[in-house]
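In the order they appear, the protein sequences are chains W and P.
Its first residue numbered 7, the first sequence is counted upward by one per residue in my numbering.
Its first residue numbered 20, the second sequence is counted upward by one per residue in my numbering.
Contents: one structure, followed by commentary.
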Amino acid sequence: DAGVIQSPRHEVTEMGQEVTLRCKPISGHNSLFWYRQTMMRGLELLIYFNNNVPIDDSGMPEDRFSAKMPNASFSTLKIQPSEPRDSAVYFCASTVGTSGTYEQYFGPGTRLTVT
Amino acid sequence: AQRVTQPEKLLSVFKGAPVELKCNYSYSGSPELFWYVQYSRQRLQLLLRHISRESIKGFTADLNKGETSFHLKKPFAQEEDSAMYYCALSGLNYGQNFVFGPGTRLSVLP
């Protein structure tokens with residue numbers, strides 16, 4: 007298994023543009039997490055899904071951010087419109103259980119730069 | 020509210036010296052505590068969790084509920100231990116949030 011797959015690995019975009027980050031969890035895992043990592047705020051949980059259903063999106067910073075999981079093997083995190091303060095590394099993680107008590111397997115991250 | 024603090028952003032020790040990475044938490048209940056590690060150019064990965072009571076790569080961590088701490092220790096640091104270490108907390112009930120601390124960068128000097 008290739009582990010959690012994220013694309014793109016790097017994204018540079020201009021302020022105001024729409025950005026879509028993609029994640030493919032490990033096959034058989036039924037929970038998926040989206041995190042944002044910045045120097046100032048560290049690693050923040052944005053949203054997580056159990057069995058494709060969003061459970062807690064309280065970490066999503068504002069309405070410009072949205073996440074979907076249309077099926078067990080794919081999730082997207084969309085930012086529209088993007089702003090320079092959204093620049094960060096975005097991680098996706100998956101786990102076999104339905105809570106964070108199980109080991110989370112992280113993807114390599116997407117480094118987003120908004121100019 | 021759940022919170023995890025790691026007071027040291029950077030910790031430098033010499034090879035062979037003992038190392039302790041501090042982690043304190045606040046949680047109203049029985050949490051599960053973890054240490055995750057990110058080596059240079061590698062993915063964030065689980066190092067150990069308190070419930071398994073294992074020693075991984077020579078590291079141990081004891082949950083002290085009285086002091087609400089989960090410090091990570093190793094008696095003799097190695098250069099390959101240099102990495103970013105994150106303490107994390109999860110509630111045991113379904114749907115509860117998962118929180119990471121800000122992280123400590125460990126640098127083991129030759």
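Note that CB positions come from ideal geometry on N, CA and C, so glycine has one too.
Buried or exposed: which applies to residue i, given that a residue is buried once 16 or more other Cβ atoms fall within 10 Å of its Cβ?
| i | result |
| --- | --- |
| Glu51/P | buried |
| Arg42/W | buried |
| Asp81/P | exposed |
| Arg22/P | exposed |
| Met46/W | exposed |
| Val56/P | buried |
Taking the C-alpha atoms as reference points, what is the distance between residue i and residue j?
| i | j | result |
| --- | --- | --- |
| Ala73/W | Phe39/W | 10 angstroms |
| Ser47/P | Glu20/W | 43 angstroms |
| Ser93/W | Val18/W | 9 angstroms |
| Glu98/P | Val127/P | 5 angstroms |
| Ser13/W | Gly85/P | 43 angstroms |
| Trp54/P | Arg117/W | 23 angstroms |
Per DSSP, which residues does residue i bridge with? Please list them.
| i | result |
| --- | --- |
| His16/W | Arg117/W |
| Glu89/W | Partner(s): none; Glu89/W has no beta bridge. |
Any beta carbon of chain P sitting closer than 8 angstroms to that of residue i?
| i | result |
| --- | --- |
| Phe112/W | yes |
| Gly34/W | no |
| Glu109/W | yes |
Any beta carbon from chain W within less than 8 angstroms of residue i's own beta carbon?
| i | result |
| --- | --- |
| Lys124/P | The displayed chain sequence assigns Arg, not Lys, to residue 124/P. Judged by the 8 angstroms Cβ criterion, Arg124/P is not in contact with chain W. |
| Val56/P | no |
| Leu63/P | yes |
| Tyr104/P | no |
| Val127/P | no |
| Pro121/P | yes |
Among residues of its own chain, excluding the 5 on either side of residue i, which ones have a beta-carbon nearer than 7 angstroms to its beta-carbon?
| i | result |
| --- | --- |
| Glu50/W | Tyr41, Arg42, Gly65 |
| Thr44/W | Ala94 |
Ignore the nearest five residues each way along the sequence and tell me which others in residue i's own chain have a CB closer than 6 angstroms to its CB.
| i | result |
| --- | --- |
| Pro37/P | Pro94 |
Short of 8 angstroms in beta carbon distance, which residues of its chain neighbour residue i, apart from the five on each side in sequence? Order them along the chain.
| i | result |
| --- | --- |
| Thr121/W | Val18, Thr19, Glu20, Met21, Pro90 |
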